[in-house]
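First comes the structure, then the notes that go with it.
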Amino acid sequence: MVLVARASDIAKKIAPPPQGTIVGMIFGKIFEQLYVSKNHVTPRDLDPFILRIFTYDLKSLLELHNIYSEDLLRKGVKMYIALLKANVVGIGCPPTFRRYESRIHISAQPDLYSPYLDKYFEFKTYPIDEYAKKQAEIFAWVLQHPITLVGLREAGDGYEVETIVVEPKPLNIDPEIIKSVAREQYIDPIRYMPPHRLFRRNEPDGDEKRVERGIALEA
Numbered sequence: 031m032v033l034v035a036r037a038s039d040i041a042k043k044i045a046p047p048p049q050g051t052i053v054g055m056i057f058g059k060i061f062e063q064l065y066v067s068k069n070h071v072t073p074r075d076l077d078p079f080i081l082r083i084f085t086y087d088l089k090s091l092l093e094l095h096n097i098y099s100e101d102l103l104r105k106g107v108k109m110y111i112a113l114l115k116a117n118v119v120g121i122g123c124p125p126t127f128r129r130y131e132s133r134i135h136i137s138a139q140p141d142l143y144s145p146y147l148d149k150y151f152e153f154k155t156y157p158i159d160e161y162a163k164k165q166a167e168i169f170a171w172v173l174q175h176p177i178t179l180v181g182l183r184e185a186g187d188g189y190e191v192e193t194i195v196v197e198p199k200p201l202n203i204d205p206e207i208i209k210s211v212a213r214e215q216y217i218d219p220i221r222y223m224p225p226h227r228l229f230r231r232n233e234p235d236g237d238e239k240r241v242e243r244g245i246a247l248e249a
């Protein structure tokens, strides 16, 4: 057992996110989890059938959590379309850990990793704020890889996607903040290896082929 501090908990201590409504927070979590499982289409594959599946699943989850409304359903569908059109796609990321000091480790779990684009995505259902930036900064340190931070802003009858690429850099955080949110946890040794390194290790053709596939996907 070691002590683990989650990136999100550290970021909340440094730049507390705005307090939303309970319904808003539940909706955000539902949308995030559903999008991670339903983003495996490209913008050119976004047809009415795909939208019907997403709409049905979102409606079912909103009803299950007793927060269903037509407005929330429309909002979720518009967000889904905006993120897909911005090519925010990939597989869900497992937690990854990096040793901070002695027994303390920091964990990072961005929303998505695209092996084809070699990109990590962390998306928010609201405009990018200081909390999101700090969280992405910690993610980048843990993973030792750039993080594409994505925010959504209402624009007309849809949503505008804003992105920031956060590069890895040394952590400049008060150690006492990290210690204050650290909790005991067991870590599977494989979780010290970030997803991008796992994919790279398992690809005999290496980086060149992955980049070629990424270019083909974007074409």
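All letters in the sequence shown, in the order written, are residues 31 to 249 by my numbering.
Virtual Cβ for every residue (Gly too), placed ideally from N, Cα, C.
Close beta carbons around residue i, own chain, < 8 angstroms, minus the five adjacent residues each side
{"i": "D87", "result": "L64, K68"}
{"i": "K198", "result": "Going by the sequence as given, residue 198 is Pro instead of Lys. Taken in chain order, the residues that qualify are A170, W171, L173, Q174, H175, P176."}
Cβ neighbours of residue i in the same chain (closer than 7 angstroms, five flanking residues each side left out)
{"i": "V195", "result": "P176, T178"}
{"i": "G181", "result": "K154, Y156, P157, I158, A162, E192"}
{"i": "K209", "result": "I134"}
Where the beta strand (DSSP E) through residue i begins and ends
{"i": "R149", "result": "Per the sequence presented here, residue 149 reads as Lys, with Arg not at that position. It spans 149-153 - the beta strand (DSSP E) in which K149 sits, taken as one unbroken run."}
{"i": "V32", "result": "32-36"}
{"i": "L179", "result": "177-185"}
{"i": "Y130", "result": "126-131"}
Contacting residues, own chain, Cβ-Cβ under 6 angstroms from residue i (five flanking each side not counted)
{"i": "L142", "result": "G120, F151"}
{"i": "R230", "result": "none"}
{"i": "P47", "result": "Y161"}
{"i": "S137", "result": "V34, R36, P125, F127"}
{"i": "P224", "result": "T126, L173"}
Candidates the options, of which the one nearest residue i by Cα
{"i": "V66", "options": "H226, E206, P140, I158", "result": "P140"}
{"i": "K149", "options": "S132, R129, C123", "result": "C123"}
{"i": "D204", "options": "Q49, S90, S144, I168", "result": "I168"}
{"i": "I40", "options": "G186, Y222, A166", "result": "A166"}
{"i": "L114", "options": "S99, H70, E206", "result": "H70"}
{"i": "D187", "options": "L94, A112, M31, N96", "result": "A112"}
Enclosing alpha helix (DSSP H) for residue i [first to last residue]
{"i": "G188", "result": "First-last for G188: 188-196, but that is the beta strand (DSSP E), not the alpha helix (DSSP H)."}
{"i": "R104", "result": "100-115"}
{"i": "R221", "result": "That residue, R221, is in no alpha helix (DSSP H); it is neither H nor E in DSSP."}
{"i": "V172", "result": "160-173"}
Exercise. If we count Cβ pairs, one from each stretch, closer than 8 angstroms, do we get three or more for the segment 101-109 versus the segment 51-62?
Worked result: yes
Exercise. Going along the chain, which unbroken runs of the alpha helix (DSSP H) with 4 or more residues stay wholly within the segment 42-71?
Worked result: 52-67
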